[in-house]
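A.B. asks: Here's a structure for you.
Residue numbers (the working numbering): 103 to 447.
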């Protein structure tokens with residue numbers, strides 16, 4: 103384990119850097135979103151960052167596809183954590199590939215250039231596991247990142263995010279700009295997007311099974327064969343990993359953020375059915391795509407370089423997510439929710 107030359111305090115067994123954030127102004131794009139809200143909360147509650155020193159641009163008022171908005175967003179900032187993204191599951195990716203490519207590429211490229219021109223001290227680009235090649239050996243290692251084309255349904259989004267690594271490395275080489283690149287696996291947890299058109303597999307399945315049980319439905323349809331595997335990282339763990347990397351990681355190579363364990367979609371469906379109390383029939387629609395065959399990350403680099411470790415077990419994380427959905431969405435069930443397709447992005 104590496105040693106870090108900063109002051110720390112211990113919180114729940116974790117060593118938290120105190121000196122890094124002192125007197126720094128931080129921009130968190132996507133800071134009001136699913137992952138970003140947890141990053142911001144950790145900055146305020148655990149790093150004791152003054153909320154007034156955190157800037158959170160809202161997409162309705164600050165369209166980061168426009169250059170002038172990127173310039174305004176980074177003005178007088180010391181650290182940029184770029185989380186803002188347009189995302190969705192397989193269905194959304196197939197319907198809007200051009201939008202996903204353009205919006206994500208333009209936002210990231212312009213924001214990093216604006217940050218460089220502003221003299222930002224550190225830029226944290228958060229990519230996606232979808233950028234890995236379709237047939238990457240499991241577990242995915244960072245050195246395999248360029249060994250093939252991404253899975254086709256994810257490629258426009260994945261490549262839009264992937265080019266930010268090229269930009270970060272080029273800017274580091276030419277300008278000495280301290281930009282790092284992180285690769286989180288599929289995230290889940292409270293505050294996730296449960297919209298049937300845009301949700302990923304876990305919120306989609308939770309919504310359908312909870313709603314089906316409450317509505318007396320006895321059938322839930324799921325896309326694919328169930329043979330594909332996925333790895334999932336609880337959102338609070340992901341937020342902690344991003345902040346640890348911001349504090350401690352300063353190298354040009356990408357770093358994976360994950361739990362290091364995979365589960366098949368069929369096993370996932372059975373587990374969510376058990377945890378939600380759904381006892382009805384599962385109908386598999388094999389005419390629909392499975393997406394990437396397998397997905398599981400090697401997380402040894404993140405552990406060695408900046409001390410990242412998972413703290414929330416998968417079943418516990420699922421229980422928390424299910425309870426949050428039950429509490430926050432009891433009246434927002436669509437009548438046909440039990441037949442809405444699940445996405446395995």
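Glycine included, each C-beta is placed from N, C-alpha and C at the ideal position.
For residue 416, is the beta carbon positioned less than 8 Å from some heavy atom of the ligand GTP?
C.D. replies: The ligand content of the structure shown is nil, which means the ligand GTP is not present either.
A.B. asks: In its own chain, which residues sit with a C-beta less than 8 Å from the C-beta of residue 45, not counting the 5 before and 5 after it?
C.D. replies: Any answer about residue 45 is impossible in this case: the structure gives the chain only from 103 up to 447.
A.B. asks: Along the chain, where does the beta strand (DSSP E) that runs through residue 245 open and close?
C.D. replies: Looking at the DSSP string, residue 245 is not in any beta strand (DSSP E), and its letter there is neither H nor E.
A.B. asks: Let's see if you can read the secondary structure: which residues bound the beta strand (DSSP E) around residue 131?
C.D. replies: Taken as a continuous stretch (DSSP letters only), the beta strand (DSSP E) holding residue 131 covers 128-131.
A.B. asks: Buried or exposed: where does residue 324 fall if 16 or more other Cβ atoms within 10 Å of its Cβ makes it buried?
C.D. replies: The residue in question, residue 324, is buried, as its Cβ has 16 or more Cβ neighbours within 10 Å.
A.B. asks: Could you pull the start and end residues of the beta strand (DSSP E) that residue 288 belongs to?
C.D. replies: 288-290
A.B. asks: Residue range of the beta strand (DSSP E) that residue 330 falls in?
C.D. replies: Here residue 330 belongs to no beta strand (DSSP E), and DSSP marks it neither H nor E.
A.B. asks: Measure the alpha-carbon distance for residue 428 versus residue 422 and round it to whole angstroms.
C.D. replies: 10 Å
A.B. asks: Roughly how many whole angstroms lie between the Cα atoms of residue 334 and residue 196?
C.D. replies: 22 Å
A.B. asks: How long is the line joining the alpha carbons of residue 157 and residue 276, rounded to whole angstroms?
C.D. replies: Annotation: residue 157 to residue 276 spans about 28 Å, alpha carbon to alpha carbon.
A.B. asks: Run the CB neighbour count on residue 190, radius 10 Å, all protein chains shown included, and call it buried at 16 or more, exposed below.
C.D. replies: buried
A.B. asks: If I measure Cβ to Cβ from residue 251 and keep anything under 7 Å in the same chain, skipping five residues before and after, which residues do I get?
C.D. replies: 235, 236, 257
A.B. asks: Could you say if the region 168-178 and the region 286-304 meet the contact criterion of at least three C-beta pairs nearer than 8 Å?
C.D. replies: Three or more Cβ pairs closer than 8 Å define a contact, and the region 168-178 falls short of that threshold against the region 286-304.
A.B. asks: What would DSSP say about residue 105, mapped onto helix, strand or coil?
C.D. replies: In this predicted model, residue 105 has a pLDDT of only 37, less than 50, meaning its place in the structure is not dependable; the value taken from the coordinates is given anyway. Look at residue 105 here: in three-state DSSP terms it is coil, with no helix or strand label.
A.B. asks: Check residue 282 in the structure and name its three-state DSSP category.
C.D. replies: strand
A.B. asks: Suppose you measure from the CA of residue 213 to the CA of residue 187; what does that come to, to the nearest Å?
C.D. replies: 12 Å
A.B. asks: I'd like to confirm the pairing. Which residues does DSSP put opposite residue 226 in its beta bridges?
C.D. replies: 183, 282
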